[in-house]
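Here the sequence shown stands for residues 14 to 948, where the numbers follow this note's numbering.
The C-beta atom is built at its ideal place from N, Cα and C for all residues, glycine as well.
Everything numeric in this text was worked out from a predicted model, so none of it was measured.
Worksheet: one structure, shown below.
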Amino acid sequence: MFGRSRTYRPGLWARLFLSEKWKLVLSSSSQDRISLKSTHEDEIQCLEISSISSTKALLWHTVEIRSKGRIDALSGLTAKAAQTLRDDLLAFVNLHLADLIDSDKERLREVDSKIRAITDSNRQYLAHADVSRAIASVPGKASLALAHPLFDAALIPGTLRGYLPTSFAMLTDPGVRSRYNESFVVHEMQKFGKFFANLGGFSLSQEQREACIRLEDNNLLVASAGSGKSATMVGKVAYVLEKELYHPSEILVLAFNKSAADELKERIARQLNVDEEALECRVTTFHALGRGIIEETEGRPPQLANWVEHPAGEARVIDKIILELMEVDEEFRRLWIDLLSILPKADIPAEVFDSEADYNRYIADRNDKGGSTIGTLADVYVKSLQEQRIANWLWVHSVEVEYEKQISFKEEDGSERFVQPDFHYPLTDSFHEHFAINADGSSPFVSYAEHTKGKRAGYKREELDFFETTSAQARDGTLLPHLEAQLTKREIPLTEKSVDEILKAVEPVVITHYQKLIGVCIKHIRASQLTLEMLLERAKSLHDKPRAQHFARAVWLITEAYSRKLDEAKRIDFDSMIGDAVRLVETGRYQSPYSLVLVDEFQDISDPRANLIKALKHQKPFTKVFAVGDDWQSIYRFAGSDITIFTQFEANFGACWQGRLEQTYRCNQLLADTAAGFVQRNPEQIRKTVRSTRAAIPRSIRVIPVSVEWRKPSFPKACFQLLDRLNTFLDGISSQWRRETGQKLKVLVLWRYNLLDPFHGQPPEFSAIEVAGMSFHRSKGLEADYTILLDVSEGDYGVPSRIEDDELLNLVIPRPETFAYAEERRLFYVALTRASRGTFILCNRRKPSRYIRELCEIAGNEVRFETIEGKELDQCPSCLVGELVERKGRNDTTFYGCNQFPECRHTQQSPPAAPHRQQAGEVGVVETVNRARAL
């Protein structure tokens, strides 16, 4: 295959941005090593290579070669070039392995006996690594080659394959090993039936038992909400120790926070019947593991910056850096002021949206009472984000302007036509129209191009001083320079307001949003070692390029200042600590004792944490990874998590077994089905069919439209009314559910943003219900009998939150999601699945969330609309705002139509469904609390 040498380099375009150029040579004269030239010339021995993988990075693909004590990342490749390089490397390595086998064929019989010994005993599940480990115990070159992690029988010469005994199929044919393992799992389920039937007083399901037994090189258990994944992890540890497959000190269990780690440690210790202090398995967090690796290797603990362990510490440091840069860096001051005042929100083209209604929903302010106007710093309301950009720029520069001042034109036929120019500058009596047209004169809006031509002709006939700006200029970044040039030409003075005056006018939520966004970006920039050139190149692919370029430059300056702050103090942050630990493992300075690594809540994994797992796995031969999580509950992108590491697990970690936990012990079947259907509308989510141990409770999803008045606490008031109603009803039938004195049903009140907290941190007390309140994010992992979801309405700070799905994140996320509001959808799924009996969804009557419509599409009449008192409503299925009322048509025929006509034109011949006989407040109370608690 390699009759002559082959040379590989990054693409020409990539060489312009890569700080380190590289050249790799596969030489026909040196088939035991690879030549790599980067900062210096080096060689990589084929036998020392443990993995070769290809991943898509921010701008291009990267081929990663892991070998003894090093990782070489070959960046700057197209997808095709990366695949070619990876395939050629694998073929080259296997050519060398074939030479070793050929030179040591007499050892093959001894290897054959080793394989037969482990298969005939039927003692354990056999992964590729288990067979390789058995082979590696045989001395000689042949066993060394056969046990190599990259050995592939399909890539060695056919003549040599004929020498391999039939037992080698366990290594070379995945189908043979799969059949062996399927038989083993069935046998083991029977053998350990009693063991799995009583783990901590809990009987594992068939899915959980299988997950405990399966032990491939890489394992991903895709769980459901309330499916018992923690119990499965405890069962896994107990099972492998019962089988004596590992010594306890070889097992590492990783969690994402201390409370989760402490709970797992306590449960594992209790199951193994040992004190927590005597537990030899290591159960810890990623941060604690990183700290321990550094301390063990360096002889001293890492010096963490004093702000990193405070919940608000990082945000305060970033805020301080921004203030410092505002004082000393003119470039940053200009960028930051522009972002806050002129570029607060991405200008997404109308044609990107599915409908004009979706576009109007996107641009509308949350406080516009259902309209589609947008506020400006000058307290003038405009009709588009581009007009807002213009109006805010004019305000910042103290330009006197009138918005949509009515004037009249004489038409060609002599008739009078009244128009409202977008902007009028009274100082020079100049008119300015901003046209939503592209560079070729086309527009996404019907008849708009003709409308534009008519206005231009009118100004010309009237001989008025007129100039125009366009959407095309907004897209290419020339809008504001062109506007400035036109005003300067007319000698209209431009006097920029002071920084203090501008900041005072900017809404605090805009500043908070950018600060939060910056915190996320700093993590990714530092972890992925991104450059300013990379960020600016990625900005070209976003919809709002001017805003993206502004933000890229600003966040780069902040990141540089943040890194300097750490360096000057000789301190590190948590991400640096994990990164340092990764380097110590990869270079071999830290010797890993772990052969089995279990990871909880794997959907929250980030690149630095994934790199630490990979480093541990590749440093110690035959180490296995068992990850558990639910991609439907991946909601921490703002903390640096990357869901694609989960959804593309095999691409990231190698060949794997992927299992499911589809039985939930929490939600009733109606809630489970509806929530599953809702979250799986994103095709990128892993498919699951959720089965509940609780039967469906009819109409256990209730929507309560609330009349929202300007600046009045409508949702807190409605929440207290609903809690009173629930408590009164449940108190009245307490004999049906209360099994012990003082017993209460749990109610969780949940909200998207903490400003909605109706309790101000002090939930009220009731006789029949125990109430707690928190954000959607904080509720993850909790459960209750009922939930109340507040303000599930459209808006920037609604559900979905429009500001959280900011396209600027795509500057730094290596594999950005393409489905609209993907993380917001998962967050709403989390909120929906906290309840076992039922959920109440409170929404703005005029602006119900699009998610409510989707629930109706999925569950139909099982979604009940009602008043806060519990009276059923005949909600219009089209707009969800109005109610269906009886009307008379021609010939005195009866039909039913929406009372929001003409805004909504929905009609139907059949009457609304008859009211359900369920009493007000009753949602599943017939199910006994004892059963609920047991489950």
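- For threonine 501, the number of other beta carbons within 10 angstroms of its own is below 16, and it is reported as exposed.
- Secondary structure note for asparagine 681: its beta strand (DSSP E) is the uninterrupted segment 676–681.
- Scanning Gln137, Asp143 and Arg174 for the CA closest to the CA of alanine 155 turns up Arg174.
- Straight through space, the alpha carbons of phenylalanine 587 and phenylalanine 269 are spaced by roughly 12 Å.
- Spatial neighbours of glutamate 820 in its own chain (CB-CB distance under 8 Å, excluding positions within 5 residues in sequence) are listed in chain order as Ala359, Ile361, Leu555, His556, Asp557 and Ala561.
- Secondary structure at arginine 828: coil, using DSSP grouped into helix, strand and coil.
- The beta-carbon separation of tyrosine 138 and asparagine 194, rounded to 6 Å, stays under the 8 Å limit for a contact.
- Counted as a single uninterrupted DSSP element, the stretch harbouring aspartate 45 is not any alpha helix (DSSP H), since DSSP gives it neither H nor E.
- The beta carbon of isoleucine 871 sits closer than 7 Å to the beta carbons of Thr687, Gly690 and Phe691 from its chain, once the five residues preceding and following it are set aside; these are given in chain order.
- The residue among Ser748, Glu879 and Pro924 with its C-alpha nearest the C-alpha of serine 720 is Glu879.
- In the three-state scheme derived from DSSP, where H, G and I count as helix and E and B as strand, leucine 212 is classed as strand.
- For the pair glutamate 807 and serine 862, the CB atoms are nearer than the 7 Å cut-off.
- The DSSP-derived three-state label of glycine 239 is coil.
- Contact between leucine 390 and phenylalanine 564 is absent: CB atoms are separated by about 19 Å, not below the 8 Å threshold.
- For valine 330, the enclosing alpha helix (DSSP H) has its first and last residue at 326–341.
- Three or more beta-carbon pairs separated by less than 8 Å link the stretch 103–115 to the stretch 52–62, which places the two stretches in contact.
- With a threshold of 16 other beta carbon atoms within 10 Å, tyrosine 176 falls short and is exposed.
- In terms of Cα proximity to glycine 667, the closest of Ala140, Leu597 and Ile801 is Ala140.
- According to the DSSP assignment, glutamine 693 belongs to no beta strand (DSSP E), since it is labelled neither H nor E.
- Classified as exposed, asparagine 767 has fewer than 16 neighbouring CB atoms from the shown chains inside 10 Å of its CB.
- Taking all protein chains in view, the Cβ of aspartate 392 is surrounded by fewer than 16 other Cβ atoms within 10 Å, so the residue is classified as exposed.
- With respect to isoleucine 710, threonine 852 sits apart: the two C-beta atoms are not nearer than 7 Å.
- Beyond the five residues adjoining it in sequence on each side, isoleucine 420 comes within less than 7 Å, by CB distance, of Val432 and Pro434 in the same chain, given in chain order.
- Less than 7 Å divides the Cβ of leucine 802 from the Cβ of alanine 844.
- Per the coordinates, the alpha-carbon of alanine 485 lies some 14 Å from the alpha-carbon of threonine 465.
- Here arginine 707 is not near asparagine 665, since their CB atoms are 7 Å or more apart.
- Taking each of Gln499, Leu855 and Arg673 in turn and checking the Cα distance to asparagine 232, the smallest one comes out for Arg673.
- Apart from sequence neighbours up to five positions away, the residues of its chain that approach phenylalanine 208 with a beta-carbon distance below 7 Å are Glu255, ordered along the chain.
- Per the C-alpha coordinates, the member of Gln616, Phe841 and Leu317 positioned closest to lysine 583 is Leu317.
- The DSSP-derived three-state label of threonine 91 is coil.
- Pairing tryptophan 406 with leucine 493 gives a Cβ-Cβ distance under 7 Å.
- Going by C-alpha positions, aspartate 85 is about 6 Å away from glutamate 77.
- Inside the stretch 137–179, DSSP marks whole alpha helix (DSSP H) runs of 4 or more residues at positions 141–149, 154–159 and 171–174, from first to last along the chain.
- Isoleucine 420: member of the beta strand (DSSP E) spanning 420–423, first to last residue.
- Per DSSP, reduced to three states, the secondary structure at serine 67 is strand.
- Between glutamate 509 and histidine 410, the C-beta spacing is below 7 Å.
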